[in-house]
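Numbering (the numbering used here), first residue to last: 15 to 277.
This is how it looks when you write it as C-alpha cells:
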C-alpha cells in the first residue's frame, strides 16, 4: 500500500496504559504497533512472535500481557485505535488526491482556453522557431546554478529583448499525476503555481545533508522559486523539486545575512 505519514503515538496515554509491562513486553508491543501501521492491516496470529522478535519459548508469556491491547478474531489481532487512525489518514489522503486531480483538470481547461484564444492572435514563424529550438541543448541536469537565485534570473529575462515579438513562446507543461492513496504527485512534472514542498520537508532535507533555517521557508521564497521554474518549463520529480528548493532557501538566506567584519 502507499506509504503513510508518521504514526501517531500518544505518549501520555501509552505510558498510562502500559505501566505494568516489562521492558521485553514494551518492545514487543511497540514492534507490533509499528508493523500494524506500516502494513495498514491486522496482524496474522501466526506471525505475531516473529514480528515482535520474541522466541517461541518466551512468546507464550508475552502474549498473555499483550492480548489486552488487541482484538483477537481467531486468525488475526486487530488494534482499534490504530484502525481509527488509519481510517482518518486514508480519508485525508483521499481528499488531497481528489483536490489535486481537480486542480490539474482546472489548469488543463484554463490552458486549453488560453491556447484557443492565443492561436487567433499569433503570427506564423514556425521555421525560425524550430531552428532556434534545434540549436538549444536539451540537457536537464538536476543541479542548475541558475536555480539558486530565481528572483534575479527572472528579472534578467524580463529585461532581455524578445527575438520573436509576434510569436507566443510558452514552455510545454507536464501536469503532475496523482494516484489513489498518495498525497504527492508521482513521476516528473512541470512546476505549478500551487506547488508546495511536503509536510516533512525539513526531515527530507536533513537526509540530503541540507540543514534548513528557521523558518524552513518564507512565502516570498516559495513564490519566487515557483515563478522562476514555471517559466523555465523543466520537469523534475517531487523529491528533485524539493532538493532544488532547499538549496534555493539556503542560498537566499545566506545572501540576506550581513557580511561579518573582523575586529
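Cβ coordinates follow ideal geometry from the N, Cα and C atoms, glycine included. Please read all numbers here as calculations on a predicted model, not as lab measurements.
{"Query": "In chain order, what residues of the same chain lie with their CB nearer than 7 Å to the CB of residue 96, ignoring the 5 residues before and after it?", "Result": "47, 50, 51"}
{"Query": "Tell me the DSSP secondary structure of residue 89 in three-state form.", "Result": "coil"}
{"Query": "Go ahead and pull the three-state DSSP assignment for residue 191.", "Result": "strand"}
{"Query": "Excluding five sequence neighbours on each side, which residues of the same chain lie with their C-beta closer than 7 Å to the C-beta of residue 192?", "Result": "111, 114, 115, 199"}
{"Query": "Hey, would you say the C-beta of residue 32 is under 7 Å away from at least one heavy atom of the ligand HEM?", "Result": "Among the ligands in the structure shown, none appear at all, so the ligand HEM cannot be discussed."}
{"Query": "Would you please state the rounded distance, in angstroms, between the beta carbons of residue 229 and residue 206? I believe it to be under 8 Å.", "Result": "Their Cβ separation, rounded to whole angstroms, is 22 Å, which puts residue 229 and residue 206 out of contact at 8 Å."}
{"Query": "Do you know whose CA, among 224, 258, 227, 117, lies nearest residue 238's CA?", "Result": "258"}
{"Query": "Can you tell me whether DSSP reads residue 58 as helix, strand or coil?", "Result": "strand"}
{"Query": "Under the three-state reduction of DSSP, which class applies to residue 111: helix, strand or coil?", "Result": "helix"}
{"Query": "Inspect the beta-carbon positions of residue 197 and residue 107 and report whether they are closer than 8 Å.", "Result": "yes"}
{"Query": "Pull up the DSSP beta-bridge partners for residue 250, would you.", "Result": "203"}
{"Query": "Taking the C-alpha atoms as reference points, what is the distance between residue 117 and residue 123?", "Result": "10 Å"}
{"Query": "Around the C-beta of residue 67, are 16 or more other C-beta atoms found within 10 angstroms, so that it is buried, or is it exposed?", "Result": "exposed"}
{"Query": "To the nearest angstrom, how far is it from the Cα of residue 174 to the Cα of residue 244?", "Result": "Because the pLDDT at residue 174 is just 49, under 50, the model does not fix this residue reliably, and the point stays unresolved."}
{"Query": "Excluding five sequence neighbours on each side, which residues of the same chain lie with their C-beta closer than 8 Å to the C-beta of residue 188?", "Result": "202, 203, 204, 249"}
{"Query": "Quick one, which of 24, 231, 78 has its alpha-carbon nearest residue 216's?", "Result": "231"}
{"Query": "By Cβ distance, which residues of its chain are closer than 6 Å to residue 121, with the 5 residues on each side in sequence left out?", "Result": "none"}
{"Query": "Our contact map puts residue 44 next to residue 65 with C-beta atoms below 8 Å; I'd like the distance itself, whole angstroms only.", "Result": "So it is not a contact: roughly 11 Å between Cβ atoms."}
{"Query": "Might you give, ordered along the chain, the residues of its own chain that have their beta carbon closer than 6 Å to the beta carbon of residue 266, omitting 5 neighbours on each side?", "Result": "235"}
{"Query": "Measuring alpha carbon to alpha carbon, tell me which residue in 39, 268, 233, 126 is nearest residue 82.", "Result": "39"}
{"Query": "What are the boundary residues of the alpha helix (DSSP H) that includes residue 77?", "Result": "70-80"}
{"Query": "Which residues in the same chain have their Cβ closer than 7 Å to the Cβ of residue 58, if we skip the five residues on either side of it in sequence?", "Result": "89, 90"}
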